[in-house]
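If you want this note's numbering, it's the 1-based position in the sequence shown plus 558.
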Amino acid sequence: MTTEDNVVAFHPKNKLVNFYEIAGEDGNAVWGGEDPHSAVEWLKRSPLNSRLLVSCWEAGEEDARLIIEPIDITKIVFAVMAGTQ
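Structure (structure tokens):
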């Protein structure tokens with residue numbers, strides 16, 4: 559961790575990756591990937607009550623480590639889509 563001009567910045571050793579998942583009403587993932595545009599397109603085509611989740615992973619040389627648990631961003635995505643139409 560470094561501080562510069564009263565701002566805190568974290569510099570992980572490895573690359574951080576956002577991972578998007580479309581979960582069905584039963585909670586099971588039906589799609590997953592790193593591309594947010596693809597995630598939104600999948601959400602648009604998914605059945606009612608599907609959810610878009612995003613989590614953050616630290617991608618290491620041999621494995622990945624979960625940094626931030628999945629967060630449901632479905633309502634945010636739909637609110638943005640409604641405001642841009």
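Ideal Cβ placement from N, Cα and C applies to all residues, glycine included.
Nearest-angstrom Cα separation, counted from residue j out to residue i
{"i": "Glu627", "j": "Cys614", "result": "7 Å"}
{"i": "Ala587", "j": "Ser604", "result": "11 Å"}
{"i": "Lys573", "j": "Ala640", "result": "33 Å"}
{"i": "Val635", "j": "Val598", "result": "8 Å"}
Reference residue i; option with closest CA among the options
{"i": "Val575", "options": "Thr632, Asn607, Ala617, Phe636", "result": "Ala617"}
{"i": "Asp593", "options": "Asp630, Leu624, Tyr578, Asp621", "result": "Tyr578"}
{"i": "Asp584", "options": "Asp621, Leu606, Ala637", "result": "Leu606"}
{"i": "Leu624", "options": "Leu601, Val612, Ala637, Lys602", "result": "Val612"}
Reduced DSSP secondary structure (H/G/I, E/B, other) of residue i
{"i": "Glu599", "result": "helix"}
{"i": "Ile644", "result": "No information on residue 644 is available, as it lies outside the stretch 559 to 643 that the chain covers here."}
{"i": "Gly591", "result": "strand"}
heavy atom of the ligand ADP below 6 Å from residue i C-beta
{"i": "Asp621", "result": "As far as ligands go, the structure on display features none, and thus does not contain the ligand ADP."}
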